[in-house]
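So, in structure tokens, the structure goes:
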């Protein structure tokens, strides 16, 4: 499906509203008002609020999935793979924190096959991360800590970085990239 500039504008404004108010609280009228157009005009570009949600969440989930597939299938070390995953999360956080908020907070509003597709992507992503960590432990690149704790610690930090980063306006992108990777991989001691 070709996405027009106007449709992109609708998606971006909707993502911002969904982040601020939550998907359930936002109406098509709210989106139209934020765009300074009539609600009926939205339907020239988009079928429904659900379609907007699908476009936001599935696109970003596919980006995570496709990059993870490339990473897990590469011949790089486990540490290099984890570094690339950290950088992917940072890239998306910096580029589109509103869409990332929708992915994290509103995915449960997807329906039917879109919900199934999203859950499969999320599960596959976590399974691939688990494979990387397990191999890193087996090969001695990663300390022999509980693999589930490692995965939870890294992914929960990365998935919620958009909330924290917005509050740290003085932190440069370079500092974020360098320090996040070092802290997540080497700890603080």
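Residue numbers (our numbering): 71 to 259.
Note that CB positions come from ideal geometry on N, CA and C, so glycine has one too.
Since we're looking at a predicted model, the values are computed, not measured.
Just the Cα atoms here: how many angstroms apart are residue i and residue j?
| i | j | result |
| --- | --- | --- |
| residue 236 | residue 165 | 12 Å |
| residue 106 | residue 146 | 49 Å |
| residue 217 | residue 171 | 26 Å |
| residue 214 | residue 207 | 6 Å |
| residue 244 | residue 250 | 10 Å |
| residue 86 | residue 116 | 17 Å |
| residue 71 | residue 77 | Confidence at residue 71 is low in this model, with a pLDDT of 48, below 50, so its placement is unreliable and the value that follows should be read with caution. Straight-line Cα distance between these residues: approximately 11 Å. |
| residue 233 | residue 225 | 14 Å |
Is DSSP giving residue i helix, strand or coil here?
| i | result |
| --- | --- |
| residue 180 | coil |
| residue 213 | coil |
| residue 114 | coil |
| residue 240 | coil |
| residue 166 | coil |
| residue 190 | helix |
| residue 257 | coil |
| residue 90 | helix |
| residue 107 | coil |
| residue 148 | helix |
| residue 96 | coil |
| residue 143 | coil |
So, are the CB atoms of residue i and residue j less than 8 Å apart?
| i | j | result |
| --- | --- | --- |
| residue 123 | residue 176 | yes |
| residue 148 | residue 211 | yes |
| residue 178 | residue 131 | no |
| residue 157 | residue 247 | yes |
| residue 221 | residue 188 | no |
For residue i and residue j, which I take to be in contact (beta-carbon distance under 8 Å), what is that distance rounded to the nearest angstrom?
| i | j | result |
| --- | --- | --- |
| residue 111 | residue 102 | 7 Å |
| residue 81 | residue 128 | Between residue 128 and residue 81 the Cβ distance is about 11 Å, and since that is not below 8 Å, they are no contact. |
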